[in-house]
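Residues in the sequence shown are numbered from 64 upward in steps of one, following my numbering.
In this text, a Cβ means the ideal position worked out from N, Cα and C, and glycines have one as well.
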Amino acid sequence: MSVAAKYELIKQKINEACLNSARNPDEVKVIAVTKYVSIQRANEALEAGVINLGENRDEGLLQKWEVLGDKPTWHYIGSLQTRKVKNIINIVEYIHSLDRISLAEEINKRAEHKMKCLVQVNVSGEESKHGLSAEEALPFIESLRKFEYISVVGLMTMAPLTNNESQIRECFRKLRELREQVQALDLDFAPCTELSMGMSNDYGIAIEEGATMVRIGTALVGEDG
Ligand SMILES: *Cc1c(COP(=O)(O)O)cnc(C)c1O
64 MSVAAKYELI KQKINEACLN SARNPDEVKV IAVTKYVSIQ RANEALEAGV
114 INLGENRDEG LLQKWEVLGD KPTWHYIGSL QTRKVKNIIN IVEYIHSLDR
164 ISLAEEINKR AEHKMKCLVQ VNVSGEESKH GLSAEEALPF IESLRKFEYI
214 SVVGLMTMAP LTNNESQIRE CFRKLRELRE QVQALDLDFA PCTELSMGMS
264 NDYGIAIEEG ATMVRIGTAL VGEDG
């Protein structure tokens with residue numbers, strides 16, 4: 064199936080999820096995660112009308128950026144090694160994986176303008192996942208006050224690896240509740256309006272629970288499925 068056809072199906076599903084939850088589909092950004100696919104395939108997504116592309120490695124991002132340039136809005140969605148920050152920081156508009164002070168220090172040092180960062184939270188507590196625990200997230204965010212070039216625009220999480228829909232929903236709901244707690248702090252460096260959650264298998268649930276950014280790889284640009 065072409066990327067354009069897949070994108071149409073995804074937009075339908077987004078509309079349904081928005082209907083179910085009385086939300087406006089304009090509040091949901093689709094990020095095409097192109098980490099497994101060619102530059103050609105990523106370009107097909109752009110031609111189909113996708114605006115946001117996400118990569119989880121600096122090599123992959125740079126390769127695609129050399130060809131596609133600033134046509135897409137770039138998102139860095141993977142765990143980010145401190146020494147790689149300088150390679151990607153002036154290309155990406157958003158970093159979805161801020162999870163430690165040493166990374167914040169490096170972003171703050173290298174940024175040429177305020178960087179839009181999402182704090183990654185490991186809501187499910189699965190050991191294999193990166194991110195702060197829900198308990199650590201608020202004090203961590205408050206500690207970012209001193210970084211002039213960091214704006215905490217939202218929170219990001221990955222659902223637990225399970226087919227249990229209510230467990231997945233619970234994870235997304237907790238991230239939304241955490242966002243409300245951050246917003247209640249009323250911090251000017253942490254407007255925290257975005258919720259980056261939902262992938263190919265669970266973006267419908269994520270949107271019903273308030274996602275403003277869904278990160279879709281396989282279902283959008285995958286060669287099959
Ligand atoms: C790979 C990846 C995705 C997309 O996964 P799919 O299941 O292919 O949609 C989303 N978010 C992150 C952080 C990823 O690494």
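Inset, instruction - Flag K147 as yes when its Cβ comes closer than 7 Å to any non-hydrogen atom of ligand 1, and as no otherwise. - result: The sequence position of residue 147 within the sequence shown is 84, counting from 1. It does not: the Cβ of K147 is nowhere closer than 7 Å to a heavy atom of ligand 1.
Inset, instruction - Locate the alpha helix (DSSP H) running through K74, then write down its first and last residues. - result: Here the question's residue 74 lines up with position 11 in the sequence shown. Segment 66-83, the alpha helix (DSSP H) holding K74.
Inset, instruction - Would you mind working out which of D121, E189, G273, E129 sits nearest N106, comparing C-alpha positions? - result: As a first step, residue 106 is located in the sequence shown; it is residue number 43 there, counting from the start. Checked all of D121, E189, G273, E129; the closest Cα to N106 is E129.
Inset, instruction - Leaving aside the five residues before and after A85 along the sequence, list all residues of the same chain whose C-beta is less than 7 Å from its C-beta, in chain order. - result: Working through the sequence shown from its first residue, we reach residue 85 at position 22. Hits under 7 Å: none found.
Inset, instruction - Determine contact between the region 193-205 and the region 145-164, defined as no fewer than three beta-carbon pairs at a distance below 8 Å. - result: yes
Legend entry - For L250, the residue or residues it bridges with in DSSP: Numbered from its first residue, the sequence shown carries residue 250 at position 187. Bridge partners of L250: none, in fact.
Inset, instruction - Check the C-beta distance from I94 over to H138 and give it rounded, since I have them as a contact under 8 Å. - result: Within the sequence shown, the letter at position 31 stands for residue 94. Within the sequence shown, the letter at position 75 stands for residue 138. The Cβ separation is near 5 Å, so the contact holds.
Legend entry - Runs of alpha helix (DSSP H) lying entirely within the region 260-287, each at least 4 residues, in chain order: 266-271, 281-284
Legend entry - Residue closest to L109, alpha-carbon to alpha-carbon, out of H176, L131, E118, E240: Sequence index remark: in the sequence shown, residue 109 carries index 46 (1-based). L109 has its Cα closest to that of L131, out of H176, L131, E118, E240.
Inset, instruction - Could you please give the first and the last residue of the uninterrupted beta strand (DSSP E) stretch that includes Q183? - result: The sequence position of residue 183 within the sequence shown is 120, counting from 1. That run of the beta strand (DSSP E) goes 178-183.
Legend entry - Opposing strand residues paired with Y157 [DSSP bridges]: Walking along the sequence shown from the start, residue 157 turns up at place 94. Answer by DSSP bridge pairing, in chain order: H138, K179.
Inset, instruction - Below 8 Å on the Cβ atoms is my guess for I154 versus L124; work out the distance and round it to an integer in Å. - result: What you label residue 154 is simply residue 91 of the sequence shown in a count that begins at 1. What you label residue 124 is simply residue 61 of the sequence shown in a count that begins at 1. Contact flag correct, Cβ pair sits at about 7 Å.
Legend entry - Backbone secondary structure at I152 - three-state DSSP: Within the sequence shown, residue 152 is the residue found at index 89, counting from 1. Coil at I152, not helix or strand.
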